[in-house]
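For the sequence shown, the numbering used here begins at 869 and goes up steadily by one. Heads up, the beta-carbon is just placed ideally off N, CA and C, and yes, glycines get one too. Predicted model, so just to flag it, every value in this text is computed and none were measured. I have placed the structure first, in the form of structure tokens, so that the comments after it can refer back to it.
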Amino acid sequence: MRLISVILFIVEFVRGAVLVSLLPIYGAKSLGLAPDVIGVAISAHYITDTLLKMAIGYLLDRFSVRLVVQTGLIISLAGVYLLQFSDLPWMFIGSAALYGIGMSPIWIVCLTKVSEQQRGTQMGLLYTIWMVGLGSGPIVCNILLDYSVSFTYQLLVWLSVLACLLTFFMRKGKAVTLQQLPLREQFAVLRARLGHMKLLLPGMILQTTGASMLVPILPSFAESELGLSGTQYSILLTVGGICAAGGLMPMGRLSDKLGGRKWFLVAGFGAFAFGLYMLAWGLSFWYCLLIAIALGLSYAAVLPAWNALLATYVPPKQEGLGWGILSTFEGIGVMIGPVAGGFIAAWNGETAVFWVSAVLFGLIGAFYLWFPFQAFAAGGDATNK
């Protein structure tokens, strides 16, 4: 688990740097690409990542973890390497799509290691590693891009190589002990679980849509609308990331102790909506800093509770396939979001993207406020049937 966590950190560090900084900044300033093209490229990354999640979950239940993870990371390395030659929009989009292929295996492997007894706590730890990697990537990348684009890019390539090399030290066993059921019966079990949580599916898609809408326009919005320098933008990302990463473990433990997943989701999504609403007004740096702290803490409240809730619907001994299917539903919003954000920015400005995202998160919070307590307990009942 330690080795897998290190690989996860490196992979997410590079992913954060590529998606949040390299693609938007390099695509806009160096290649002169429009926001909608950048949005399509980021969506292409998530489309390949999402579409492969179910297949990779199936493969992880049947083949060596090392083989599946290793193959995926080598393909992703090729995607990062080809970015330097992507001076045309279709090449830019294609390289981003290729890069998305290898992201699924390592994440699903980590999810299969979570125990039922301490779901919230272990989800908090897992998301802390993920958050620190994903958050520190763009922070470091933003600083280095001010000095040398070439050095920054080469660093990301060599970190991708390092992640591939570390996979040679992984064990060759499968992710879990496979329950010997025909594939048709496995899908029947999963379909029954999804039937129990059908009211959660719209929120699952909308929350990833609302968040991913912001990815293509965040750097330019910080510069043009908020008037922030690269250093100030990095400070906001750092503070927000620290609050999110630092809050994940305590929030996970508190969720396990209180069993109040519903209210963690309501408060977290409500605070997130309000924070985005305030950012859209173009406030000064110090106000933005307070908003970044609030956004980080609200994110920390949502993630462990949400994923602990989802984990109750994953059938025992079918964790790879189960998490693959659930992650696919979550990924639908991530596929839609960057394209929608890019087109909204091109049509009505970057501020409009923040308005729309805030409305989406507000609707999600209101939905979970209406959602009955019994439904949040249904997952545990379903797991035992």
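Asked                                                                                                                                                  : Found
Using alpha carbons as the reference points, say which of Leu1096, Lys897, Ala902, Leu1027 lies closest to Ile875.                                     : Leu1027
My assumption, with CB atoms under 8 Å, is that Leu1082 sits in contact with Gly1209. Please give the rounded CB distance.                             : 6 Å
Cα separation between Gln938 and Glu1198?                                                                                                              : 24 Å
To the nearest angstrom, report how far apart Leu1046 and Trp1154 are at their CA atoms.                                                               : Per-residue confidence for Leu1046 stands at a pLDDT of 40, beneath the threshold of 50, marking its modelled position as unreliable; no derived number is given.
Taking Ala1148 as the reference, give the member of Ala1112, Ser1102, Thr1219, Leu1096 with the closest Cα.                                            : Thr1219
Of the residues Lys1130, Leu901, Val1025, which one's Cα is nearest the Cα of Leu941?                                                                  : Val1025
Below 8 Å on the Cβ atoms is my contact criterion, and I expect Pro1087 with Ser889 to pass it. Report the Cβ-Cβ distance as a whole number of Å.      : 7 Å
Nearest to Ala1079 by alpha carbon, out of Val886, Ala1169, Trp1215, Phe1140?                                                                          : Phe1140
Closer than 8 Å is the cut-off here; do at least three beta carbon pairs connect the segment 946-964 with the segment 906-916?                         : yes
Have a look at Leu1013, Gly1164, Phe1222 and flag the residue whose alpha-carbon is nearest the alpha-carbon of Leu1116.                               : Gly1164
Quick test of your reading: Leu1074 and Ile1232, contact by CB under 8 Å. State the CB separation rounded to the nearest angstrom.                     : 6 Å
Would a C-beta distance cut-off of 8 Å place Ser944 and Gly970 closer than the cut-off?                                                                : yes
What span of residues does the alpha helix (DSSP H) with Gly884 cover, start to end?                                                                   : 870-884
Work out the CA separation of Val882 and Asp929 for me, nearest whole Å.                                                                               : 27 Å
Pick from Pro1084, Leu994, Gly1120, Val933: whose alpha carbon is nearest that of Lys1040?                                                             : Val933
Is it true that the CB of Met1119 sits closer than 8 Å to the CB of Ala1168?                                                                           : yes
For Leu1027, does the three-state DSSP call read helix, strand or coil?                                                                                : helix
Rounded to the nearest angstrom, how far is the Cβ of Glu880 from that of Leu1013, given a contact under 8 Å?                                          : With a Cβ gap of about 19 Å, Glu880 and Leu1013 do not count as contacting.
Is DSSP giving Trp1238 helix, strand or coil here?                                                                                                     : helix
Once the 5 residues before and after Val1230 are set aside, which same chain residues still bring their CB inside 6 Å of it?                           : It should be noted that the sequence gives Gly, not Val, for residue 1230. Excluding positions up to five away in sequence, the list reads Ala1141.
My understanding is that Val1000 touches Ala1113, with C-beta atoms under 8 Å, so please give their C-beta distance in whole angstroms.                : 5 Å
Indicate the three-state DSSP secondary structure (helix, strand or coil) for Pro1084 in the structure shown.                                          : coil
Can you grab the Cα-Cα spacing for the pair Cys1009 / Phe1235, in whole Å?                                                                             : 37 Å
Which two residues bound the contiguous alpha helix (DSSP H) that contains Ser963?                                                                     : 957-968
So Val1254 is in the alpha helix (DSSP H); what residue range does that whole segment cover?                                                           : Only positions 869 to 1253 of the chain appear in this structure, which leaves residue 1254 out of reach.
On the three-state DSSP scale, how would you describe Tyr1015?                                                                                         : coil
By alpha-carbon positions, which one of Ala1162, Lys1130, Cys1156, Leu1034 ends up nearest to Trp837?                                                  : Residue 837 is absent from the structure shown; the chain starts at 869 and stops at 1253.
Assuming Leu1094 and Cys1156 are in contact, meaning their beta carbons sit under 8 Å apart, how far apart are those beta carbons, in whole angstroms? : 6 Å
Run through DSSP, which three-state label would Leu1116 get?                                                                                           : helix
Let me check understanding here. Comparing Cα to Cα, which of Leu993, Leu887, Ile997 lies closest to Val948?                                           : Leu887
Quick check on this structure: which residue in Trp958, Phe1019, Leu935 has the alpha carbon closest to the alpha carbon of Phe1037?                   : Leu935
Check each candidate in Val1224, Leu1171, Leu1237 and name the one with the smallest Cα separation from Arg1122.                                       : In the sequence under discussion, the amino acid at residue 1122 is Leu, which differs from the Arg named in the question. Selected option, being the one with the closest Cα: Leu1171.
Leu950 and Leu927: beta carbons closer than 8 Å?                                                                                                       : no
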